[in-house]
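Under numbering that gives the first Met the number 0, think of the first position of the sequence shown as 0, with each following residue one higher. What follows is a short report on a single structure.
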Amino acid sequence: MAQTIQAIRGMHDVLPDQTPLWQYTERVLREVMGTYGYSEIRLPIVEKTELFKRSIGEVTDIVEKEMYTFEDRNGDSLTLRPEGTAGCLRACLEHGLLHNQVHRLWYYGPMYRHERPQKGRYRQFIQLGVETYGMAGPDIDAELIFIMDRLWKKLGIRDKVCLQLNSLGTIDERIVYRQVLVEYFQAHIDELDEDSKRRLQTNPLRILDTKNPAMFDLVANAPALMDYLGSETLAHFKGLTTALDDLGVSYTINTRLVRGLDYYSKTVFEWVTDELGSQGTVCAGGRYDSLVEQLGGKPNFAVGFAMGIERLLALIEVAGLVPDVKAVDVFMIRVGETAEREGLRFAETLRNEVPGLKLQVNCGGGSFKSQFKKADKIGADYALILGDDEVSKGQLSLKSLRTDQEQQTLTQQETIIFLQNYVAQLSES
Ligand code: ATP
Ligand code: MG
Numbered sequence: 000m001a002q003t004i005q006a007i008r009g010m011h012d013v014l015p016d017q018t019p020l021w022q023y024t025e026r027v028l029r030e031v032m033g034t035y036g037y038s039e040i041r042l043p044i045v046e047k048t049e050l051f052k053r054s055i056g057e058v059t060d061i062v063e064k065e066m067y068t069f070e071d072r073n074g075d076s077l078t079l080r081p082e083g084t085a086g087c088l089r090a091c092l093e094h095g096l097l098h099n100q101v102h103r104l105w106y107y108g109p110m111y112r113h114e115r116p117q118k119g120r121y122r123q124f125i126q127l128g129v130e131t132y133g134m135a136g137p138d139i140d141a142e143l144i145f146i147m148d149r150l151w152k153k154l155g156i157r158d159k160v161c162l163q164l165n166s167l168g169t170i171d172e173r174i175v176y177r178q179v180l181v182e183y184f185q186a187h188i189d190e191l192d193e194d195s196k197r198r199l200q201t202n203p204l205r206i207l208d209t210k211n212p213a214m215f216d217l218v219a220n221a222p223a224l225m226d227y228l229g230s231e232t233l234a235h236f237k238g239l240t241t242a243l244d245d246l247g248v249s250y251t252i253n254t255r256l257v258r259g260l261d262y263y264s265k266t267v268f269e270w271v272t273d274e275l276g277s278q279g280t281v282c283a284g285g286r287y288d289s290l291v292e293q294l295g296g297k298p299n300f301a302v303g304f305a306m307g308i309e310r311l312l313a314l315i316e317v318a319g320l321v322p323d324v325k326a327v328d329v330f331m332i333r334v335g336e337t338a339e340r341e342g343l344r345f346a347e348t349l350r351n352e353v354p355g356l357k358l359q360v361n362c363g364g365g366s367f368k369s370q371f372k373k374a375d376k377i378g379a380d381y382a383l384i385l386g387d388d389e390v391s392k393g394q395l396s397l398k399s400l401r402t403d404q405e406q407q408t409l410t411q412q413e414t415i416i417f418l419q420n421y422v423a424q425l426s427e428s
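In structure tokens:
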């Protein structure tokens with residue numbers, strides 16, 4: 000026998016028993032985006048490598064060591080998108096969507112990062128991304144947080160996540176702060192790990208984002224950027240927290256929150272949970288006005304977030320809120336040549352007459368007994384039984400597989416009405 004081939008490490012199949020949870024979550028995401036009047040945008044998975052280098056920043060984990068980059072047959076350097084913000088903005092600039100317009104957009108799909116796979120950290124993972132353009136905030140910053148707050152509530156996990164907020168200020172404010180921070184870390188140079196020593200030269204703020212527990216104390220005592228912000232930035236931040244207070248959305252101000260990407264300014268936030276071990280950030284985002292110019296556009300405003308769907312699903316599972324969705328409501332059993340022909344025909348009639356019914360027809364023959372076993376195993380509520388006997392009388396038998404209700408003999412018309420009522424009840428519950 001030939002050897003079987005396995006999936007790539009860190010890239011997972013979603014098997015049929017898991018898809019109901021995905022579909023349910025995706026439906027809720029779409030609904031919530033719709034209630035705020037956001038439009039979907041669909042983007043390529045592959046972009047020019049240059050796009051990510053220029054936007055995410057050369058000295059970031061993503062660009063330094065996580066990208067799936069390859070040369071295509073023309074010798075162009077291409078990259079599987081590690082995130083969606085750059086591609087979304089690229090598309091909007093390319094199609095002239097940012098001229099005197101505001102946009103509220105969302106996208107959903109796989110991202111690729113060559114990280115060490117572990118629980119909650121994969122090489123292919125799914126993100127919901129939300130990006131808005133043309134609005135200076137802080138009202139739109141608040142709206143994005145309301146969207147997420149509504150989503151957690153709809154999914155029943157509001158009590159599992161906390162909002163952390165910070166302001167990264169403007170570029171000028173960060174230059175001043177950077178100097179102070181470098182002096183602080185230089186005074187503690189012996190306590191820095193190798194990564195951080197390197198970052199001290201290239202991108203010292205990123206040290207605050209360290210994942211190394213040995214560095215946590217040092218980072219906790221570092222000067223806070225919040226103390227170096229000007230009045231305009233502080234007013235922006237105050238506007239945001241006031242809007243959150245008005246709606247009763249609680250938050251913690253975390254002055255060490257810098258985010259892993261280079262392009263943020265002013266508002267940044269993360270939704271974190273302590274239910275998922277060390278991969279505790281479910282959703283993260285912020286304002287990135289300067290990226291528009293960085294990618295060749297005119298000065299503009301931009302703010303958005305990305306949510307890791309695998310971590311979101313893990314949280315729904317931890318909370319025990321996985322919806323119970325059946326693939327099949329009714330399973331049709333056919334025994335005998337006439338019954339097999341009539342069954343296939345009548346199944347199509349049922350699908351026409353009973354919209355929403357999940358009907359599966361047994362294929363491949365078998366005795367009544369073996370077909371009943373299949374009906375039960377698949378979790379159907381009813382078995383619909385056709386033998387040649389029934390068919391010759393224009394009848395069918397219907398048996399409940401989940402209650403003690405007695406088997407009934409029905410005409411085709413009665414069967415249609417019975418199943419219409421059944422589906423109506425299902426959609427009510
Ligand atoms: P982390 O600090 O966990 O590495 P990040 O700052 O790199 O996250 P972002 O680039 O902000 O993450 O992506 C937004 C969200 O996407 C994260 O909060 C997380 O939920 C999810 N995410 C990021 N990387 C991965 C991954 N490798 N596997 C699964 N989900 C991920
Ligand atoms: Mg990361």
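Idealized CB from N, CA, C, for every residue including glycine. Predicted model, so just to flag it, every value in this text is computed and none were measured.
Taking Val-324 as the centre and dropping the five residues before and after it, the same chain places the C-beta of Pro-19 closer than 6 Å to its C-beta, in chain order. The beta carbon of His-102 is closer than 7 Å to those of Cys-91, Leu-96, Thr-131, Tyr-132 and Gly-133 in its chain, skipping five residues each way along the sequence. DSSP, read as helix, strand or coil, puts His-235 in helix. Short of 8 Å from the beta carbon of Leu-425, and not among the five residues preceding or following it, lie these beta carbons of its own chain, in chain order: Asp-328 and Gly-355. Between Tyr-262 and Ser-54, the beta carbon gap of about 6 Å places them in contact (Cβ cut-off 8 Å). In terms of Cβ geometry, Leu-275 and Gly-119 form a close pair [threshold 8 Å]. For Ile-125, the enclosing beta strand (DSSP E) has its first and last residue at 123 to 132. By the C-beta density criterion, Met-0 is exposed, having fewer than 16 other C-beta atoms within 10 angstroms.
By the Cβ test, the segment 287 to 296 is not in contact with the segment 195 to 215, since fewer than three Cβ pairs between them sit closer than 8 Å. By a beta-carbon distance limit of 8 Å, Ser-396 contacts Gln-407. Their separation comes to about 7 Å. According to the DSSP assignment, Gln-293 belongs to the alpha helix (DSSP H) that extends over 288 to 293. Using a Cβ-Cβ distance cut-off of 8 Å, the segment 298 to 312 and the segment 122 to 130 are in contact, since at least three pairs of beta carbons, one from each stretch, lie closer than that value. If only uninterrupted alpha helix (DSSP H) runs of at least 4 residues are considered, those enclosed by the segment 279 to 332 are 288 to 293 and 308 to 317.
The beta carbons of Pro-116 and Arg-8 sit about 6 Å from each other, so the pair counts as a contact at 8 Å.
Taking the Cα of Ala-85 as reference, the smallest distance to any Cα among Asp-71, His-98, Tyr-106 and Asp-75 is reached at Tyr-106. Set against 7 Å, the gap from the CB of Asp-192 to the closest heavy atom of ligand 2 is not smaller. If you look at Gln-200, you'll find it in the alpha helix (DSSP H) that goes 193 to 201.
Three or more pairs of CB atoms, one per stretch, sit closer than 8 Å, so the segment 135 to 150 contacts the segment 18 to 33. Spanning the alpha carbons of Asp-140 and Phe-69 requires a straight line of approximately 36 Å.
Set against 7 Å, the gap from the CB of Glu-114 to the closest heavy atom of ligand 1 is smaller. Within the model, the alpha-carbon separation for Leu-400 versus Gln-22 is close to 26 Å. At a cut-off of 7 Å, the beta-carbon of Asp-244 does not count as near ligand 2: no heavy atom of the ligand is closer than that. Beyond the five residues adjoining it in sequence on each side, Gly-279 comes within less than 7 Å, by CB distance, of Val-271, Thr-272 and Asp-273 in the same chain, given in chain order. DSSP places Gly-386 in the strand class (E or B) of the three-state scheme. According to the DSSP secondary-structure assignment, Arg-103 is paired through a beta bridge with Thr-131.
Setting aside the 5 residues that flank it on each side, Arg-157 is surrounded in the same chain by Trp-151, each with a C-beta closer than 6 Å to its C-beta; the list follows chain order. In this structure, Ser-264 lies near Ile-170, with their beta-carbon atoms less than 8 Å apart. The segment 297 to 304 makes no contact with the segment 350 to 367: fewer than 3 CB pairs, one atom from each, lie closer than 8 Å.
In terms of Cβ geometry, Gly-155 and Leu-320 form a close pair [threshold 8 Å].
Of all alpha-carbon atoms in Tyr-67, Gln-419, Lys-237 and Thr-232, the one lying nearest the alpha-carbon of Arg-122 is that of Tyr-67. Taking the Cα positions, Gly-83 is about 10 Å away from Tyr-111. In the three-state DSSP reduction, Pro-354 falls in the coil class, being neither helix nor strand. It is roughly 31 Å from the alpha-carbon of Asp-226 to the alpha-carbon of Phe-51.
Across the structure, Glu-269 and Ala-379 are spaced so that their CA atoms are roughly 42 Å apart.
Per DSSP, reduced to three states, the secondary structure at Arg-149 is helical. Taking every protein chain shown into account, the CB of Glu-341 has 16 or more other CB atoms within 10 angstroms, so this residue is buried.
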